[in-house]
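Remarks on the structure that follows.
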Amino acid sequence: MNKVISKCFGIVKSMGWFYKMKKWVVFLITALSANTIAWANNNCFIAKENGAMLKQEGKCTERHSPCSTFKIAISLMGFDKGILTDKTHPEWSFKEGYNDWLDVWKQPHNPTTWIQHSCVWYSQLITQKLGMEQFKHYIQVLNYGNQDVSGDKGMNNGLARAWLSGSLQISPQEQVEFLSKLTQNKLPVSHFSMQMTHDLLFVENLPGDWKLYGKTGSGNPFKADGSRNMDKQLGWFVGWIEKGPRTVLFAQYIEDDATPDYLTGKQAREIAKQKLMQLTQSN
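Printed below as a string of structure tokens:
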């Protein structure tokens, strides 16, 4: 690496005026290297097909808040309990006091737009209608992560916030195991609820006749002391790709520096798509 950098500086020096940029080049290389190391240490990508590991990178057994990827589980609960009836019903209107972080959340939403726009208040209405007893029951029978729906310590808000950088946590490996049961219709909920959830998660058609299904999630990771790290953001993209009889399950988890727009979920999606296309081209 040092020889390469020295050679680069030799070329730069021979260019006269551009030699003055040497200090900036050093700074850029250092910054990029540090960011790459941090990214690698907090990143996980896992992909499986028919139970066989296709690729695994990073710490895929560490648990994190599921954030909006938990909408997959909420969808299963909602359809199984009859709270959700089809792809467009019920449609609920926004009310003052609901979470309105995004302007699009201020509109009426149904199951399809709820998933598309990742509307937090729609999720919270479903869990409120379930009630804590039923909510806990579903978390247990679905064997979802650490199954802790207590919420923030001392706040008694688990029914509304356990999955939002809260007490509920799940690992990338567990995400894939959960999705494996969903795609095989082996979860302890109705076939209808699994089919509806499957259909709601369709994202787009990919090259090579693959169909992409999945859900993003963004939030804040935890520090070692258990408090939220507001200087960092986590990003998820979990799901599967289908082509004929083939189903490739995956989970992508990343952490990056905090930004006002919480784009880490979208970043995770783009990273996962690239890796999935590489996998399908080589298999």
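With mature numbering (1 follows the signal peptide of the UniProt record, and there is no 0) applied, the sequence shown covers -40 to -1, 1 to 243.
Glycine included, each C-beta is placed from N, C-alpha and C at the ideal position.
{"Item": "So, using beta-carbon positions, are Leu142 and Met156 closer together than 8 Å?", "Value": "no"}
{"Item": "Under 8 Å: do the segment 119 to 131 and the segment 102 to 111 share three or more Cβ pairs, one atom per stretch?", "Value": "yes"}
{"Item": "Tell me whether Asp46 sits in a helix, a strand or coil according to DSSP, three-state version.", "Value": "strand"}
{"Item": "Nearest-angstrom Cα distance between His69 and Ala33?", "Value": "18 Å"}
{"Item": "Is Lys19 near the ligand MG, judged by its Cβ being under 7 Å from some heavy atom?", "Value": "What this structure holds is no ligand at all, so the ligand MG is not there to describe."}
{"Item": "By how many angstroms is the C-alpha of Ser35 removed from the C-alpha of Gln107?", "Value": "17 Å"}
{"Item": "Below 8 Å, can you find three or more Cβ-Cβ pairs linking the segment 196 to 210 to the segment 54 to 68?", "Value": "no"}
{"Item": "If distances are taken between C-alpha atoms only, which option among Leu14, Gln241, Cys20 and Lys8 comes closest to residue 283?", "Value": "This structure does not reach residue 283, given that the chain is present from -40 up to 243, and the question cannot be answered."}
{"Item": "Going by alpha carbons, who is nearest to His97 out of His158, Gln144 and Pro148?", "Value": "Pro148"}
{"Item": "Starting from Glu164, trace the beta strand (DSSP E) in both directions and tell me its first and last residue.", "Value": "Phe162 to Leu166"}
{"Item": "Can you tell me whether His49 is buried or exposed? The criterion is at least 16 other CB atoms within 10 Å of its CB, across all chains shown.", "Value": "exposed"}
{"Item": "Let me confirm a value: Glu215 is counted as buried when at least 16 other C-beta atoms fall within 10 Å, else exposed. Which label applies?", "Value": "buried"}
{"Item": "Can you tell me whether DSSP reads Glu17 as helix, strand or coil?", "Value": "strand"}
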